[in-house]
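Once you know that position 222 of the sequence shown is 222 in the UniProt record's numbering, the rest is easy, because the numbers rise by one and skip nothing.
Comments concern the structure below.
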Amino acid sequence: MSKNTPDFFDKLLKRVEVGDSQVGRSLARFLRYHPINEFEPFFESIGLKPSEYSSFLPQNFMFLIDDKLLLENYHVLCNYGVARNRIGKIYREARVVFGYDYGVLVSKLRSFEDLGLKQSLVAKIIASSPRLLIGNVDRDFVEVLEKLRKAGIDYDWLEEHINVDDTYDWKCMLELMRVLSKLVLSEGQLRQIFTLHPDILLECSGRVTFCLFGFLLKFGCTLSNVQTVFLEFPEIPVMKFANNLFRCYDFFVEINMDTQDIGKIMCSYPTVLGSCQPKKVKSLLSSLNCGQKQLCRMVKDDPPVLKKWVLGLKVNPLQKQKRVVKVKILKTEFLSSIGFVKDSEEMEKALKKFRGKVVELQQRFDCLVKFGLSREDVVDMIKATPQILNQSIDVIEAKVDFFVKELGYPVSDLVTYPKLLSYTIERVKLRLLMYKWLKGKMAVRANLTLSTLLSYSEEKFVKIYVNAHPRGHEYWKRLKKEFIMTDVE
Numbered sequence: 001m002s003k004n005t006p007d008f009f010d011k012l013l014k015r016v017e018v019g020d021s022q023v024g025r026s027l028a029r030f031l032r033y034h035p036i037n038e039f040e041p042f043f044e045s046i047g048l049k050p051s052e053y054s055s056f057l058p059q060n061f062m063f064l065i066d067d068k069l070l071l072e073n074y075h076v077l078c079n080y081g082v083a084r085n086r087i088g089k090i091y092r093e094a095r096v097v098f099g100y101d102y103g104v105l106v107s108k109l110r111s112f113e114d115l116g117l118k119q120s121l122v123a124k125i126i127a128s129s130p131r132l133l134i135g136n137v138d139r140d141f142v143e144v145l146e147k148l149r150k151a152g153i154d155y156d157w158l159e160e161h162i163n164v165d166d167t168y169d170w171k172c173m174l175e176l177m178r179v180l181s182k183l184v185l186s187e188g189q190l191r192q193i194f195t196l197h198p199d200i201l202l203e204c205s206g207r208v209t210f211c212l213f214g215f216l217l218k219f220g221c222t223l224s225n226v227q228t229v230f231l232e233f234p235e236i237p238v239m240k241f242a243n244n245l246f247r248c249y250d251f252f253v254e255i256n257m258d259t260q261d262i263g264k265i266m267c268s269y270p271t272v273l274g275s276c277q278p279k280k281v282k283s284l285l286s287s288l289n290c291g292q293k294q295l296c297r298m299v300k301d302d303p304p305v306l307k308k309w310v311l312g313l314k315v316n317p318l319q320k321q322k323r324v325v326k327v328k329i330l331k332t333e334f335l336s337s338i339g340f341v342k343d344s345e346e347m348e349k350a351l352k353k354f355r356g357k358v359v360e361l362q363q364r365f366d367c368l369v370k371f372g373l374s375r376e377d378v379v380d381m382i383k384a385t386p387q388i389l390n391q392s393i394d395v396i397e398a399k400v401d402f403f404v405k406e407l408g409y410p411v412s413d414l415v416t417y418p419k420l421l422s423y424t425i426e427r428v429k430l431r432l433l434m435y436k437w438l439k440g441k442m443a444v445r446a447n448l449t450l451s452t453l454l455s456y457s458e459e460k461f462v463k464i465y466v467n468a469h470p471r472g473h474e475y476w477k478r479l480k481k482e483f484i485m486t487d488v489e
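The following block contains the structure:
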């Protein structure tokens, strides 16, 4: 014990004023008249600081031998393999354990082994999560073990990656595993994710991953987008990935990027953003020798360019907007190839609206053609509403599938009103389903155009159409509630 109580003995020696040759005799004489509280060095030896154990000092006795259950349970933990300096955490967080009667603690430790855990792993688990020793075996803890086993992850993985310096919330970890399962991740995919990136589950008991999850959904990422993020997670800690994502968001805000554009980039390039930590805006503007607007435009045109501007990399000044000119040339060539007239107003309008790489624009164009539209029809749609090509293929497919398969409209109606693809699925779904219900109740005309139904603000739509039927508002609220619940699921 004396080897692990430097603070206690330093304080004790300061009270004994003697020469070096008389230390032993003087110390013995001092202790004869000033008996020490043995609990002070004991608590320090098990890893507690004076500020932590002062409130634990017993009022009725000073000698350890007087608290037989404390010593008994202390020896049980030591003999089981729990490091002495880790026992203090157990005392601090689960003090009741040291009042257990003879044999109780041993029985609890065996109950963990009955779950298939090795003694060395049990020692690490209770050192990190002392509250598991209170009451019956924690159900959340058992379910986490079961889910790991079903995913094909043996308990050696847990022993390798669990950190005794951390405290784990098994209920939070269980909830994260359930959420990841709802992303339609198979048990094999869960095994792959946890094996390659154990901190996705273990860092702060999964709370960092929950923050990351919520952050992505906040910007409009679909569950499919989020699933891809975890399946393609880069070789960096989840905490660093999340911090990089947050820093990129701050970077976008600082260069005055529109919220809508931020959302599009977040949804389309989450892995890129989470993998790089960009330089500070002020420093980057100086290195590139450009203005804030130009920097913002460069990021919107080609978000992966951020990888060239991370901390630690040298950034050279731009050469007379060479990059911007090159991007514009490539987009002009793309528009010309699909039928736009060079230097026409329609081409200039499209160039101003387009975001992303040319190869992505081409893929999105082909996606629309795949649904049965002619190239000429798609070109007409782009001329009328260029921004429809700024959406990812997943989003375009989801909107067209809903419009055609769920609502039963012919795909040719998109040519008449291409702006429909610019609205959110929520807006289109709510209004068209509401209109369908109103038609069934003979409350509105049966030949209203899509532009009429979708272009109005929500307030005006409710006033003109929803309120056209006595039960319209009730049905509208039900639709909105169902949409929210479906989106969460």
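By construction, the Cβ of each residue, glycine as well, lies at the ideal position given by its N, Cα and C atoms.
Just so it is clear, the structure is predicted and the values come from calculations on it, not from any experiment.
Put residue i into one of helix, strand or coil per three-state DSSP.
i: V488; result: Low confidence applies to V488: its pLDDT is 38, below 50, so where it sits in the model is not reliable, and the reading given next is rough at best. Three-state DSSP puts V488 in a helix.
i: V144; result: helix
i: P198; result: coil
i: P278; result: strand
i: V310; result: strand
i: V82; result: coil
i: D67; result: coil
i: C367; result: helix
i: I126; result: helix
i: V272; result: helix
i: A94; result: coil
i: residue 496; result: Coverage of the chain is limited to positions 1 through 489, which leaves residue 496 absent and any answer about it impossible.
i: S181; result: helix
Using the Cβ count rule (16 or more neighbours within 10 Å means buried), how would you classify residue i?
i: V359; result: exposed
i: C248; result: buried
i: V208; result: buried
i: Y102; result: exposed
i: Q119; result: exposed
i: H75; result: exposed
i: N316; result: exposed
i: residue 554; result: Here the chain comprises residues numbered 1 to 489, so residue 554 is not present and cannot be evaluated.
i: P130; result: buried
i: I200; result: buried
i: K331; result: buried
i: F61; result: exposed
i: V122; result: buried
i: V44; result: According to the sequence provided, residue 44 is Glu. The question's Val does not apply to it. By the 10 Å Cβ count, E44 comes out buried.
i: A151; result: buried
i: V96; result: exposed
i: M442; result: exposed
Need the endpoints of the alpha helix (DSSP H) that residue i sits in, please.
i: M434; result: I425 to G440
i: L223; result: L223 to L231
i: R207; result: R207 to K218
i: Q260; result: T259 to S268
i: F402; result: No alpha helix (DSSP H) contains F402, which DSSP labels as neither H nor E.
i: K293; result: Q292 to D301
i: A242; result: V238 to E254
i: E348; result: E345 to K353
i: L132; result: Taken as a continuous stretch (DSSP letters only), L132 belongs to no alpha helix (DSSP H), as it is neither H nor E.
i: F56; result: Where F56 is concerned, there is no enclosing alpha helix (DSSP H), given that its DSSP letter is neither H nor E.
Who are the near neighbours of residue i in its chain, counting only those whose CB is closer than 7 Å to its CB and skipping five residues on each side?
i: D138; result: L132 and W170
i: K357; result: D302
i: K328; result: L351
i: T167; result: S128 and S129
i: C267; result: F219, G220, C221, N225 and S392
i: D377; result: V415
i: K108; result: L133
Please report the distance separating the alpha-carbon of residue i from that of residue j.
i: G220; j: F246; result: 15 Å
i: D258; j: I265; result: 11 Å
i: V238; j: S128; result: 20 Å
i: I338; j: C211; result: 42 Å
i: A468; j: L479; result: 16 Å
i: C290; j: P304; result: 18 Å
i: F241; j: H197; result: 12 Å
i: Q292; j: K314; result: 19 Å
i: I46; j: N163; result: 18 Å
i: F461; j: E232; result: 42 Å
i: H473; j: V466; result: 6 Å
i: K326; j: G372; result: 33 Å
Within a Cβ cutoff of 8 Å, which residues of the same chain sit near residue i, ignoring the five residues on either side of it in sequence?
i: P470; result: none
i: F402; result: I425, V428 and K429
i: E93; result: P130, R131 and T167
i: V272; result: P303, P304, L306 and K307
Give me, in chain order, the residues of the same chain whose beta-carbon lies closer than 6 Å to that of residue i; leave out the 5 immediate sequence neighbours on both sides.
i: S275; result: P234
i: V226; result: L216
i: L48; result: G88
i: L77; result: I87
Measuring only between beta-carbons, confirm whether residue i sits less than 9 Å from chain B.
i: L454; result: Absent here is chain B; the protein component of the structure consists of one chain.
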